[in-house]
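Novice: Using our numbering, you'd call the opening residue of the sequence shown number 954 and step up by one each time.
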Amino acid sequence: MSPDNPQKPSPIAQARAWIANSRKLLFFVGAGLSKASGIKTFRDEDGLYQDRRVEELAHVDSFFHQREIMLSWYQHRRQQLLNVSPNEGHRALAAAAKTHDVVVATQNVDDLLERAQQNMQVTCPVWHVHGALAQVRCHDCGLAFNDLTLDLGTLPVCEACHGPLRPGVVWFGEALPPEPLQESFAAAQACEVCVLVGTSGVVYPAAMIPEQAAAAGARLIEVNPNTSGLSHLCDISIRGPADEILPQIFEGLN
Ligand SMILES: [Zn+2]
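Below you can see the structure in the form of structure tokens.
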């Protein structure tokens, strides 16, 4: 598998060639993309916050029964976001929108990909299928805006209806917002190449997005240090961290 052998390009060279020869790309993204930025998943920190289990704090019931500690935990996570930056993986994906028609379906609740895009002055749709920490939303009327600095721990209320404000993430016990899923499935149907980045591929219905891309005939390229629940669907699996592999794939395409 030498990159110098034209009969058998390396997996990275093959991935680059498929991407170079296509226009419509879908990036299906999981926690592995943000790992090198130091983003903590909510199972880090021993799975506890002030002696509460985080799975419990991430359940919609906590908004009604222990709102103060729940929102204090979310504010803690929002503040952590302010202290991290996009990594080379985010930058590689952001830059792809300069040359390709890109849609991103991300399971991550951070906004690092959007920040990488802003830094490069490029933009493409980024659908957060599990919501976004940077978003603040009224639980009652749905009014939403982006603000990482508003302290949710102070239990702020909606200017429009005085309903309680909450982070714009999807909690256990809640349905996924329909629009990000619908738009992601539409992109899966239309894309020529789907790149799966740092996702275990075991969380549904999100994992149905690359399954849909495969069913519609797209090439699937996986970038992941480990085998995932979707590896069997992928034409190429490149084993390694996103911040190292993605720049190699996309280098020279822009
Ligand atoms: Zn409201």
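Backbone N, C-alpha and C fix where the C-beta goes; we use that ideal spot for every residue, glycine too.
So, helix, strand or coil for Ala1159, using DSSP?
Specialist: Position 206 of the sequence shown holds residue 1159. In this structure, Ala1159 counts as coil in the three-state DSSP scheme.
Novice: Mapping the DSSP letters down to three states, classify Ser1153 as helix, strand or coil.
Specialist: What you label residue 1153 is simply residue 200 of the sequence shown in a count that begins at 1. Residue state, collapsed to three classes: coil.
Novice: Which residue's Cα is closest to the Cα of Pro1163: Glu1136, Leu1206, His1029?
Specialist: If you number the sequence shown from 1, residue 1163 lands on position 210. For the residues Glu1136, Leu1206, His1029, the minimum Cα distance to Pro1163 belongs to Glu1136.
Novice: Under the three-state reduction of DSSP, which class applies to Lys988: helix, strand or coil?
Specialist: Within the sequence shown, residue 988 is the residue found at index 35, counting from 1. It is helical.
Novice: Whose CB is closer than 6 Å to a heavy atom of ligand 1? List the residues in chain order.
Specialist: Having a Cβ closer than 6 Å to some heavy atom of ligand 1 are Cys1091, Asp1093, Cys1094, Leu1096, Cys1111, Ala1113, Cys1114, Gly1116.
Novice: Report yes if the CB atom of Val1082 is closer than 7 Å to the CB atom of Pro1133, and no otherwise.
Specialist: Translated into the one-based positions of the sequence shown, residue 1082 becomes position 129. Translated into the one-based positions of the sequence shown, residue 1133 becomes position 180. A contact, by the Cβ cut-off of 7 Å.
Novice: Going along the chain, which residues of its own chain have a beta-carbon closer than 6 Å to the beta-carbon of His1092, five neighbours each way excluded?
Specialist: Residue mapping note: residue 1092 aligns to position 139 of the sequence shown, counting from 1. Hits under 6 Å: Gly1116, Pro1117, Arg1119.
Novice: Within the same chain, show all residues whose beta-carbon is closer than 6 Å to that of Leu986, passing over the 5 residues directly before and after it, in chain order.
Specialist: Working through the sequence shown from its first residue, we reach residue 986 at position 33. Closer than 6 Å at the Cβ level, and outside the excluded window around Leu986, lie Gly1042, Val1150, Gly1151, Ala1195.
Novice: What does the alpha-carbon distance come out to for the pair Met954 and Gly983?
Specialist: Taking the sequence shown and counting its residues from 1, the one referred to as residue 954 is at position 1. Taking the sequence shown and counting its residues from 1, the one referred to as residue 983 is at position 30. Unreliable positioning characterises Met954 in this predicted model, as indicated by a pLDDT of 49, which lies under 50. The coordinate reading is nonetheless provided below. Spanning the two alpha carbons is a distance of roughly 28 Å.
Novice: With a CB to CB cut of under 6 Å and the five nearest residues on each side skipped, what residues in its chain are close to Val1055?
Specialist: On the sequence shown, position 102 is the one that residue 1055 refers to. Here the set comprises Leu978, Ala1049, Cys1077.
Novice: Nearest-angstrom Cα distance between Glu1127 and Ala1011?
Specialist: Here residue 1127 is taken as the residue at index 174 of the sequence shown, counted from 1. Here residue 1011 is taken as the residue at index 58 of the sequence shown, counted from 1. If I take the Cα positions, the gap works out to 10 Å.
Novice: If I follow the unbroken alpha helix (DSSP H) through Ala1143, where does it start and stop?
Specialist: Numbered from 1 along the sequence shown, position 190 holds the residue referred to as residue 1143. Per DSSP, Ala1143 belongs to the alpha helix (DSSP H) from 1131-1143.
Novice: Taking DSSP as the reference, what is the three-state secondary structure of Met954?
Specialist: Numbered from its first residue, the sequence shown carries residue 954 at position 1. The predicted model places Met954 with a pLDDT of 49, which falls under 50 and marks its position as unreliable; any figure quoted below should be read in that light. Note: Met954 maps to coil in three-state DSSP.
Novice: Between the Cα of Val1037 and the Cα atoms of Gln1071, Gly1000, Lys988, Met1023, which residue gives the shortest distance?
Specialist: In the sequence shown, counting from the first residue as 1, residue 1037 sits at position 84. Here the closest residue by C-alpha is Lys988.
Novice: Just tell me which of Gln1033, Val1007, Leu1046 has its CA closest to the CA of Asp1063.
Specialist: Your numbering for residue 1063 matches position 110 in the sequence shown. Of the candidates Gln1033, Val1007, Leu1046, the one whose C-alpha sits nearest the C-alpha of Asp1063 is Gln1033.
Novice: Starting from Arg1031 and walking both ways along the alpha helix (DSSP H), at which residues does that stretch end?
Specialist: As a working note, residue 1031 is residue 78 in the sequence shown. Residues 1020-1035.
Novice: Ignoring anything shorter than 4 residues or poking outside the segment 1050-1098, list the alpha helix (DSSP H) runs there in chain order.
Specialist: For the segment 1050-1098, whole alpha helix (DSSP H) runs of length 4 or above, ordered along the chain, are 1065-1073.
Novice: Given a cut-off of 7 Å, decide if Glu1145 and Ser1025 are closer than it, judged by their beta-carbon atoms.
Specialist: Residue 1025 sits at position 72 when you count from the first residue of the sequence shown. Residue 1145 sits at position 192 when you count from the first residue of the sequence shown. The answer is no: Cβ separation not under 7 Å.
Novice: For Lys1087, which residues in the same chain have their Cβ closer than 6 Å to its Cβ, ignoring the five residues on either side in sequence?
Specialist: What you label residue 1087 is simply residue 134 of the sequence shown in a count that begins at 1. In the sequence as presented, Lys is not what sits at residue 1087; that position holds Ala. Asp1064, Asn1099, Leu1101, listed in sequence order.
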